[in-house]
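Here the sequence shown stands for residues 38 to 146, numbered as in the numbering used here.
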Amino acid sequence: MPITNTISVETATEWVNRWKESEHTLVNDDGTFIKGFFIPGDDLNEVMRETGASDARSYLGIDDNHEFHLLVVGVDDNGNDMVDPEKGCYVYDFTRPCPPTCSKTGPFK
């Protein structure tokens, strides 16, 4: 199965740095507040299949269009990020912000 929904380390670094430099308010351009991120199960499983990944970590980023992203990387047994595309360890960008992907029921709606 081909690896999908990845971005380059350079792009990920740019987005994370943009988040760090922002005012740390998760507000969409339309004024709605970001409450969470939707993570497809198959994609999260793909992260965990990476060689040596025992856990996963996420980072917040903002792309060139000012859209929020939750970037996901595998983490090794020592707690270190696994980011080396040559070794099959990628930065994954498969999440979607809520809203608009929020639950219609439950305590976090």
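Every residue gets a Cβ at the ideal spot worked out from N, C-alpha and C, and that includes glycine.
Here the structure is a predicted model, which means the values were calculated and not measured.
Its Cα nearest to that of G116, the residue R94 stands out among R94, F131, V46 and V64. Under the three-state reduction of DSSP, L81 is assigned to helix. Going by beta carbons, F74 and T132 fall inside the 7 angstroms limit.
Boundaries of the alpha helix (DSSP H) harbouring A49: V46 to E58, taken from the DSSP string.
DSSP, read as helix, strand or coil, puts P134 in strand. Between the stretch 117-127 and the stretch 61-71 there are fewer than three inter-stretch CB-CB distances shorter than 8 angstroms, so the stretches are not counted as touching. Setting aside the 5 residues that flank it on each side, P134 is surrounded in the same chain by I71, F74 and F105, each with a C-beta closer than 7 angstroms to its C-beta; the list follows chain order. By the Cβ neighbour-count rule, I99 is buried, with 16 or more other Cβ atoms within 10 Å of its own.
When the five nearest sequence neighbours on each side are left out, the beta carbons in the same chain lying within less than 7 angstroms of the beta carbon of Y127 are those of I40 and T43, in order along the chain.
Here the alpha carbon of I76 sits roughly 13 angstroms from the alpha carbon of M85.
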